[in-house]
Amino acid sequence: MKIDYTIREKCVINGSELEILSSKLFPLFCGCVDTPQEEDLICEQEFAISKEGVIQLTKLIPLDLLYANGHDAGSVGALWEEHHTEFAKFILSKEVKNVLEIGGGHGKLSQNCLATKKIRWTIVEPNPTHRYDNVVYVDNFFSKELFQNEKFDTVVHSHTFEHIYNPHHFLQEVSSVLVEGGGGQNVVLFTQYAKVA
1 MKIDYTIREK CVINGSELEI LSSKLFPLFC GCVDTPQEED LICEQEFAIS
51 KEGVIQLTKL IPLDLLYANG HDAGSVGALW EEHHTEFAKF ILSKEVKNVL
101 EIGGGHGKLS QNCLATKKIR WTIVEPNPTH RYDNVVYVDN FFSKELFQNE
151 KFDTVVHSHT FEHIYNPHHF LQEVSSVLVE GGGGQNVVLF TQYAKVA
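Residue numbers (full-length UniProt numbering): 1 to 197.
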């Protein structure tokens, strides 16, 4: 199968020129799979660097192909459990009433929060791996068009930003689904810096 890559020609952060660092072929679904090796989709992983030092991929795999089998980074060990618990505590330390979680396939963050406080919680995820009755699910990739008739006071995502192909566009769309005056106050990107914000 020929992969129809989206080609990134300029730095996704600042639009500067890119220099190719390396290029390597790899199986798209490397890991534990139940298909024969000869059915692997082989992709080209090409890394480039901008003059500012931002390393990024230049050949982007179509999202519907990349996430065809889902992506569940639920909990693997105590460190991940602690991460979900602490992130939930941080979210609940704010006045949240209507939360949109982007990429919450496993639902652990929602359940950690909803066990403590009654909140309207929506997860937008193309392939949710668990479904809970106390969560509204939108089975899709995030876009503002999905939420034209709804606004949220809080938008969260955990280990999602590194999957975003166009971060500027993504952040503009995220800000458009916040309630008027939200101003990004409750958009949590890097929780380790939350106390500084």
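Glycine is no exception: its CB is placed at the ideal position from the N, C-alpha and C atoms.
Per DSSP, Q148 lies in no beta strand (DSSP E) segment and is marked neither H nor E. Runs of the alpha helix (DSSP H) lying entirely within the segment 99-186, each at least 4 residues long, are 108-114, 167-176 in chain order. By the Cβ-count criterion, H169 is exposed, with fewer than 16 other Cβ atoms from all chains shown falling within 10 Å of its own Cβ. The segment 86-100 and the segment 41-53 do not touch, with fewer than three beta-carbon pairs separated by less than 8 Å. By the beta-carbon neighbour count (other beta carbons within 10 angstroms, threshold 16), A48 is buried. Residue state for A68 is assigned as coil, using DSSP reduced to three classes. If the five residues before and after S110 are omitted, its C-beta is found closer than 7 Å to the C-beta atoms of E101, G104, W121, I123, Y132, V135, all from its own chain and listed in chain order. Shown here, K10 sits in a strand according to DSSP, grouped into three states. The beta carbon of G107 is closer than 6 Å to those of H130, Y132 in its chain, skipping five residues each way along the sequence. Annotation: N140 to V12 spans about 23 Å, alpha carbon to alpha carbon. Within the same chain, and ignoring the five residues on either side of N166 in sequence, the residues whose Cβ sits closer than 7 Å to its Cβ are V12.
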